[in-house]
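Numbering (our numbering), first residue to last: 110 to 544.
Every residue, glycine too, gets a C-beta built ideally from N, C-alpha and C.
Reading through the structure tokens given below for one structure.
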């Protein structure tokens, strides 16, 4: 669970180097290090990554020195005001009425069981056995599971069901040791690799980054052992997007260049997807001319797309996805001075084109459009777009979508005196805190 109290305290604190902007994670880390050095004559090594772990709730109880420094820098009177809790000292209890309702809902009498035995029963003790021999039926079922979960991810985000996908992947991996006709070994590995990719992307969307990395690596191994160039390209593309998102565009560029090896074996849609990811990495690295060239190559490939030739996991990459992804790349150029009109047009087209089945993509593209308009256009218009983006994000549980909303709020900060913008920022705060 995110530590929103700490993040909000940081965002309420003005940067000393950029008036009007909130304190960045790195600035906060530097101030914490400075406080500890001055008051305790001890060298601390806090950095932006550590502050990020605190805000994401990865670390809930930092050391006493760090808690003291954070309280001093952020003007908090208590640890609790910054969302810090010592779980080893906290006992969580269900309210009696909630406990009664829960026990009745699972068919147990009130008072029949304590909470721990109920939880033990829910865990189950009879795992589904792995069959001794695998055939086309099992392979088809794994591929269907991957497709169904991927559809869930596109519509609702990775925040609600990824543990179910992890459990399915764990069971499916056991099939690799089962007996199987040699001709089916490749399709089996591809199906499991497809499921691993779905699992990895849902983990990425939920910010379970280590889980995402492990699932992607396992899926890539399956694809390479199967000799499945199409699945290999898709997984490498997602590994690149993951790396770019977590601030490693150079690593993302490397994954994409691996994926483009023997691109002649891929479909035009797949090549468009890869060039788009290439453009996003280059744009993050401020390589404007190269990024624009990559967008051009992506457009050229997509103009020759033939969906009937694409593997099933590429069904999502339609016109709306293409203009949305290329619009995201151009967004990173536009907010740093490059002409915004092309990015605006593409993001608008994506918002219009995405169906309800791709609610997360629509919400993210709409948020980016609002942010770009806030940065380069009319803030009142941006606020209207932002309100629509919040409506679109209502059923989505995505850490990526939530972070994009926070980014919109940061860009809106300098227009806070505009009533529509102030209302938008307040609603973003409410929605993100609730999610």
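Residue interval of the alpha helix (DSSP H) (run including residue 367): Residue numbering aside, residue 367 sits at position 258 when the chain shown is read from its first letter. 358 to 368 is the extent of the alpha helix (DSSP H) around residue 367.
Identity of the residues DSSP links to residue 123 by a beta bridge: Looking up residue 123 in the chain shown gives position 14. According to DSSP, residue 123 bridges with 131.
Outcome for residue 429 when other beta-carbon atoms lying within 10 angstroms are tallied against a minimum of 16: Here residue 429 refers to the residue found at position 320 of the chain shown. Residue 429 is buried by the Cβ-count criterion.
Three-state class that DSSP yields for residue 165 in the structure shown: As a working mapping, residue 165 is identified with position 56 in the chain shown. In the structure shown, residue 165 sits in coil (DSSP, three-state: anything other than H, G, I, E or B).
Of the listed residues 239, 146, 333, nearest to residue 287 (C-alpha basis): Walking along the chain shown from the start, residue 287 turns up at place 178. Checking every option, the nearest Cα to that of residue 287 belongs to 239.
Residues that residue 289 bridges to, as DSSP identifies them: Translated into positions along the chain shown, residue 289 becomes position 180. Answer is 243.
Spatial distance of residue 350 from residue 312 (CA atoms): Numbered from 1 along the chain shown, position 241 holds the residue referred to as residue 350. Numbered from 1 along the chain shown, position 203 holds the residue referred to as residue 312. Going from the Cα of residue 350 to the Cα of residue 312 covers about 13 Å.
Nearest neighbour of residue 123, chosen from 463, 137, 370 [CA to CA]: Translated into positions along the chain shown, residue 123 becomes position 14. Closest by alpha carbon: 137.
Within 7 Å, strictly: CB atoms of residue 471 and residue 463: Numbered from its first residue, the chain shown carries residue 471 at position 362. Numbered from its first residue, the chain shown carries residue 463 at position 354. Yes, the pair counts as a contact, with Cβ atoms nearer than the cut-off.
Residue burial classification, residue 219 (beta-carbon count within 10 angstroms, cutoff 16): Position 110 of the chain shown, counted from the start, is the residue given in the question as residue 219. Confidence at residue 219 is low in this model, with a pLDDT of 45, below 50, so the placement of that residue should be treated as unreliable; the coordinate-derived value is given next. Exposed, since its Cβ has fewer than 16 Cβ neighbours within 10 Å.
Top-ranked residue by Cα proximity to residue 593, from 297, 387, 458, 163: Because residue 593 is not part of the residues shown, which for the chain are 110 to 544, the question remains open.
Proximity of residue 454 and residue 443 at Cβ, strictly below 7 Å: Stepping through the chain shown from its first residue, residue 454 is reached at position 345. Stepping through the chain shown from its first residue, residue 443 is reached at position 334. Going by C-beta atoms, residue 454 is not nearer than 7 Å to residue 443.
Residue 297, DSSP secondary structure in three states: Counting from one through the chain shown, the residue named residue 297 turns up at place 188. Helix at residue 297.
8 Å contact criterion, which residue 382 and residue 346 should meet: CB distance rounded: Walking along the chain shown from the start, residue 382 turns up at place 273. Walking along the chain shown from the start, residue 346 turns up at place 237. Indeed they touch by this definition, with Cβ atoms about 6 Å apart.
8 Å Cβ shell around residue 284 - same chain, five flanking residues per side excluded: Residue mapping note: residue 284 aligns to position 175 of the chain shown, counting from 1. Same-chain partners within the cutoff: 239, 240, 243, 247, 251, 297, 301.
Residue 289 versus 245, 309, 324, 332, residue with shortest Cα-Cα distance: By one-based count along the chain shown, residue 289 stands at place 180. The residue with the shortest Cα to Cα distance from residue 289 is 245.
Residue closest to residue 439, alpha-carbon to alpha-carbon, out of 477, 369, 146, 461: Along the chain shown, read from residue 1 onward, the residue named residue 439 stands at position 330. Nearest of 477, 369, 146, 461 to residue 439, Cα basis: 477.
Top-ranked residue by Cα proximity to residue 406, from 128, 369, 340: On the chain shown, residue 406 is found 297 positions in, with the first residue counted as 1. If we check each option's Cα against that of residue 406, 369 comes out closest.
Beta-carbon gap between residue 191 and residue 118 smaller than 7 Å: Taking the chain shown and counting its residues from 1, one reaches residue 191 at position 82. Taking the chain shown and counting its residues from 1, one reaches residue 118 at position 9. Going by C-beta atoms, residue 191 is nearer than 7 Å to residue 118.
Limits of the unbroken alpha helix (DSSP H) element including residue 175: Position 66 of the chain shown, counted from the start, is the residue given in the question as residue 175. Element bounds for residue 175: 173 to 183.
Anticipated Cβ contact below 8 Å, residue 375 with residue 342, distance rounded: Along the chain shown, one-based indexing puts residue 375 at 266. Along the chain shown, one-based indexing puts residue 342 at 233. With a Cβ gap of about 5 Å, residue 375 and residue 342 count as contacting.
Nearest neighbour of residue 420, chosen from 120, 410, 377, 166 [CA to CA]: Along the chain shown, one-based indexing puts residue 420 at 311. Comparing Cα positions, the closest option is 377.
Classification of residue 127 by the beta-carbon crowding that lies within 10 angstroms, buried from 16 upward: For the purposes of this step, residue 127 is identified with residue 18 of the chain shown, where counting begins at 1. Under this definition residue 127 is an exposed residue.
CB-CB length for residue 337 against residue 299, believed under 8 Å: What you label residue 337 is simply residue 228 of the chain shown in a count that begins at 1. What you label residue 299 is simply residue 190 of the chain shown in a count that begins at 1. The pair is a contact, with the Cβ atoms about 5 Å apart (cut-off 8 Å).
Helix, strand or coil at residue 338 according to DSSP, with G and I counted as helix: Within the chain shown, numbered from 1, the residue matching residue 338 stands at position 229. Helix, per DSSP.
Residue 401, enclosing alpha helix (DSSP H) - first and last residue: Reading the chain shown from its first residue, position 292 is the one you call residue 401. Run containing residue 401: 397 to 411, per the alpha helix (DSSP H) assignment.
Pair within 7 Å by beta-carbon distance, residue 388 and residue 404: One-based indexing of the chain shown puts residue 388 at position 279. One-based indexing of the chain shown puts residue 404 at position 295. Result yes, Cβ atoms of residue 388 and residue 404 sit closer than 7 Å.
Candidates 180, 344, 331, 488, of which the one nearest residue 307 by Cα: The count along the chain shown starts at 1 and reaches residue 307 at position 198. Ranking the options by Cα distance to residue 307, first place goes to 344.
Endpoints, the alpha helix (DSSP H) within which residue 355 is located: For the purposes of this step, residue 355 is identified with residue 246 of the chain shown, where counting begins at 1. First-last for residue 355: undefined, no H or E at that position.
CB of residue 157 within 7 Å of CB of residue 180, strictly: Counting from one through the chain shown, the residue named residue 157 turns up at place 48. Counting from one through the chain shown, the residue named residue 180 turns up at place 71. For residue 157 and residue 180, no; Cβs fall outside 7 Å.
Complete runs of the alpha helix (DSSP H) confined to the region 466 to 538 [at least 4 residues]: 468 to 485, 488 to 501, 508 to 521
Counted within 10 angstroms of its Cβ, other Cβ atoms place residue 448 as buried (16 or more) or exposed: The count along the chain shown starts at 1 and reaches residue 448 at position 339. So residue 448 counts as exposed.
Alpha-carbon spacing of residue 327 relative to residue 364, whole angstroms: Taking the chain shown and counting its residues from 1, the one referred to as residue 327 is at position 218. Taking the chain shown and counting its residues from 1, the one referred to as residue 364 is at position 255. If you take the alpha carbons of residue 327 and residue 364, they lie about 15 Å apart.
Three-state class that DSSP yields for residue 158 in the structure shown: What you label residue 158 is simply residue 49 of the chain shown in a count that begins at 1. It is helical.
Status (buried if at least 16 other CB within 10 Å, exposed otherwise) for residue 329: As a working mapping, residue 329 is identified with position 220 in the chain shown. So residue 329 ends up on the buried side.
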